[in-house]
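Q: Below is the structure I would like to discuss, written out as structure tokens.
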Amino acid sequence: MGPAVIGDDRTLARAAAGRSGGGRQTEAPEERMRMWANKRMDMPLSIWIRALVSCSQPSSNGGAAALERAWEPDGSGVAGLSVRSLFDLWLHAQGWKAGDRIVFSAFTVADMPLIARAHGLCVVALDIDPVTCEPDPGDLASLLDERTRAVVYTHLFGAVGRTEELRRLAHDAGALFVEDCAEAYHGPHWRGHPDSDLALFSFGPIKTATALGGGLARVPDARVRADMRARAATFPHQKRLDHVWRLVKFGALNTLASPVVFHLVVGLLDSFGPGYDTVFQRLTKSFPGSELLDRIRRQPSAPLVRTMRLRLAEGDAPIHRRTAPGRRLLDQLGAGVPAAGASSHAYWLVPVLAPDPQSMIDRLVAEGFHATRGRSFAVVEHDEPTDAPPPIGARRLLEQAVFLPFDPEMPTHALDRLGDIVTAELERQSQPTS
């Protein structure tokens with residue numbers, strides 16, 4: 015899969031024409047009663063039906079083992095309830111001392127550093143560039159010391175980042191290298207770099223090729239794999255009805271996310287309720303509440319394991335569905351889209367950096383595109399005083415990122431109109447104020 019194509023010399027003429035009524039941005043009357051949701055469940059109806067039917071089938075021994083073999087035939091695969099569950103198991107298997115250090119990409123999902131801290135580890139932040147979403151290898155070199163046990167690199171927004179130099183630096187310092195690929199599923203044939211010590215993939219509710227839960231890891235170390243599996247075997251199983259409820263809940267949410275219905279839902283919740291974003295965050299959070307470790311220390315249910323197998327059996331189809339429309343949208347947006355220059359991209363999320371993110375969101379919502387902020391992301395901060403610089407780039411990314419409502423089913427005219435609106439609004443925000 016090739017990199018996203020970015021039009022660096024794109025002008026704003028078409029966007030400006032759209033704002034004045036002469037370009038593609040002009041809104042057709044039927045568009046006024048539509049709104050494109052920020053995120054929909056990436057599961058075809060046929061897969062959803064098969065997953066729901068599978069919930070009535072009896073459990074069978076060896077289902078997780080068969081899934082692991084399908085994922086990684088060499089035996090290095092480990093299945094779990096979630097990426098968080100697998101990371102927790104992996105850290106337990108390492109047996110590191112309290113106070114040992116673990117370096118994280120400074121922009122990630124908040125729960126991952128929390129799990130490391132729960133194991134007594136000292137978290138260190140590795141800043142990233144807000145546009146490339148890559149860290150500077152020199153920054154990593156300055157952070158590594160004799161207490162550093164691992165470096166966790168996060169592939170962001172569906173893009174596959176550059177890990178070669180970072181991995182070499184970590185290994186040269188005696189640290190392990192972890193790829194958090196939860197956002198970058200590219201089909202079953204890409205499982206991270208073979209020299210990484212752990213690669214984590216998510217099938218959570220809003221992920222590409224979702225199974226509405228579940229995670230897979232590639233764990234090359236046989237001792238660590240055995241420890242992870244033995245410990246996981248002591249955990250209670252996820253309740254079968256939990257997966258049934260997820261299928262029903264997200265099936266309903268997907269129906270409500272159709273453009274005409276979604277327009278009404280957002281209007282009602284924003285006018286008479288707590289707001290759509292608040293409700294959606296509550297409904298889609300995989301592990302709500304404060305008892306994170308207790309919630310992730312479960313084995314996946316048999317229906318969840320079968321659903322993950324269904325998604326693996328699709329091969330690269332979920333990625334192919336996203337590639338052409340994703341590239342088209344990025345072409346409309348031009349340069350400066352975070353992670354757009356990656357060598358390979360699955361277009362899980364499409365953020366833009368806006369000096370005034372709320373104005374960008376307000377403009378897009380008014381035009382029928384439900385853009386949002388990145389509520390599930392967090393900036394990693396240093397746990398202890400250090401001479402290392404603060405994560406300024408990650409902070410800017412969190413403060414300015416607006417996530418666009420990209421859906422591979424959007425027609426080309428909607429993608430083009432979205433690109434024009436965003437480009438025009440960015441141009442407006444870049445103008446000096448009087």
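Residue numbers (this note's numbering): 15 to 448.
Even for Gly, the Cβ is constructed at its ideal location relative to N, Cα and C.
Please read all numbers here as calculations on a predicted model, not as lab measurements.
(1) Check the DSSP bridge columns for residue 313 and list the partner residues they point to.
(2) Tell me the DSSP bridge mates of residue 50?
(3) I'd like the list of long-range same chain contacts for residue 337, defined as Cβ closer than 6 Å, with 5 residues on each side in sequence excluded.
(4) In angstroms, rounded to a whole number, what distance separates the CA positions of residue 282 and residue 115?
(5) Would you kindly report the start and end of the unbroken alpha helix (DSSP H) that includes residue 6?
(6) When DSSP labels each residue in this structure, what does residue 89 get in the three-state scheme?
(7) So residue 61 is in the beta strand (DSSP E); what residue range does that whole segment cover?
(8) Write down the C-beta distance between residue 49 and residue 396 rounded to the nearest angstrom, noting that I regard them as a contact closer than 8 Å.
(9) Are the CB atoms of residue 142 and residue 433 within a distance shorter than 8 Å?
(10) Buried or exposed: where does residue 36 fall if 16 or more other Cβ atoms within 10 Å of its Cβ makes it buried?
(11) Based on DSSP bridge pairs, tell me the residues matched to residue 212.
(12) Please report the straight-line C-alpha distance between residue 122 and residue 195, rounded to a whole angstrom.
(13) Can you find the residues in the same chain that come closer than 7 Å, C-beta to C-beta, to residue 162, ignoring five residues on each side of it along the sequence?
(14) With the cut-off set at 8 Å, would you say residue 429 and residue 339 are in Cβ contact?
(15) According to DSSP, residue 136 sits in a beta bridge with which residue or residues?
(16) By the three-class DSSP mapping on this structure, what secondary structure does residue 94 have?
(17) Could you tell me the distance, in whole angstroms, from the CA atom of residue 354 to the CA atom of residue 102?
(18) List the residues that DSSP assigns as beta-bridge partners of residue 358.
(19) For residue 75, count neighbouring C-beta atoms within 10 Å of its own C-beta (all shown protein chains included) and say buried if the count is 16 or more, exposed if not.
(20) From residue 348 to residue 172, what distance separates their C-alpha atoms?
(21) Measure the alpha-carbon distance for residue 444 versus residue 436 and round it to whole angstroms.
(22) Can you say whether residue 71 is buried or exposed, counting buried as having 16 or more other CB atoms within 10 angstroms of its CB?
(23) Do you know whose CA, among 234, 280, 372, lies nearest residue 104's CA?
(24) Expressed to the nearest angstrom, what Euclidean distance is found between the alpha-carbon atoms of residue 183 and residue 154?
(25) When DSSP labels each residue in this structure, what does residue 76 get in the three-state scheme?
(26) Where does residue 120 fall in DSSP's three states?
(27) Using the beta-carbon count (16 or more within 10 Å), is residue 372 buried or exposed?
(28) Hey, out of 360, 345, 379, 82, whose CA is closest to residue 230's CA?
(29) Pick out whichever of 69, 360, 330 has its Cα sitting closest to the Cα of residue 341.
(30) Return the CA-CA distance between residue 175 and residue 286, expressed in angstroms with no decimal places.
(31) Alpha carbon to alpha carbon, how far is residue 245 from residue 389? Give it in angstroms, no decimals.
(32) Work out the CA separation of residue 314 and residue 95 for me, nearest whole Å.
(33) Secondary structure at residue 433, three-state DSSP: helix, strand or coil?
(34) CB-CB under 8 Å to residue 258, same chain, minus the five flanking residues each way: which ones, in chain order?
(35) Could you pull the start and end residues of the beta strand (DSSP E) that residue 420 belongs to?
(36) Distance check for residue 369 and residue 419, CA to CA, integer angstroms please.
A: Let me spell this out:
(1) In the DSSP output, where bridge partners are listed per residue, residue 313 has 251.
(2) Listed as beta-bridge partners of residue 50 by DSSP are 383.
(3) Once the five neighbours on either side are set aside, residue 337 has no close Cβ partner at all.
(4) For the pair residue 282 and residue 115, the Cα-to-Cα distance works out to about 48 Å.
(5) The requested residue 6 is not part of the displayed model; the chain covers only 15 to 448.
(6) Coil, per DSSP.
(7) Careful: residue 61 lies outside any beta strand (DSSP E), inside the alpha helix (DSSP H) at 59–68.
(8) Contact flag wrong, Cβ pair sits at about 41 Å.
(9) No, the Cβ-Cβ distance between residue 433 and residue 142 is not below 8 Å.
(10) In this predicted model, residue 36 has a pLDDT of only 39, less than 50, meaning its place in the structure is not dependable enough to derive any value.
(11) Bridge partners of residue 212: 192.
(12) Just so you know, the alpha carbons of residue 122 and residue 195 end up roughly 11 Å apart.
(13) Taken in chain order, the residues that qualify are 115, 117, 187, 189.
(14) Yes, Cβ-Cβ distance for residue 429 and residue 339 is below 8 Å.
(15) The partner list for residue 136 (beta bridge, DSSP) reads 115.
(16) Residue 94: strand per DSSP, three-state reduction.
(17) Straight-line Cα distance between these residues: approximately 31 Å.
(18) For residue 358, which the question treats as bridged, DSSP gives the partners 174.
(19) With fewer than 16 other Cβ atoms within 10 Å, it is exposed.
(20) Spanning the two alpha carbons is a distance of roughly 18 Å.
(21) The alpha-carbon atoms of residue 444 and residue 436 are separated by roughly 12 Å.
(22) Residue 71 comes out exposed.
(23) Of the listed residues, the one whose Cα sits closest to residue 104 is 234.
(24) Going from the Cα of residue 183 to the Cα of residue 154 covers about 8 Å.
(25) In the three-state reduction of the DSSP assignment, residue 76 falls in the coil class, being assigned neither a helical nor a strand state.
(26) Secondary structure at residue 120: coil, using DSSP grouped into helix, strand and coil.
(27) A residue is called buried when at least 16 other Cβ atoms come within 10 angstroms of its Cβ; residue 372 does not meet this threshold and is exposed.
(28) Across the set 360, 345, 379, 82, the C-alpha of 82 shows the shortest separation from the C-alpha of residue 230.
(29) Nearest option by C-alpha distance: 360.
(30) If I take the Cα positions, the gap works out to 42 Å.
(31) Answer to the nearest angstrom: the Cα atoms are 32 Å apart.
(32) Residue 95 and residue 314 have their C-alpha atoms some 5 Å from each other.
(33) The three-state secondary structure of residue 433, taken from DSSP, is helix.
(34) Its chain contains 66, 69, 317 as the residues whose beta carbon lies nearer than 8 Å to that of residue 258, once the 5 sequence neighbours on both sides are disregarded; these appear in chain order.
(35) That residue, residue 420, is in no beta strand (DSSP E); it is neither H nor E in DSSP.
(36) Annotation: residue 419 to residue 369 spans about 19 Å, alpha carbon to alpha carbon.
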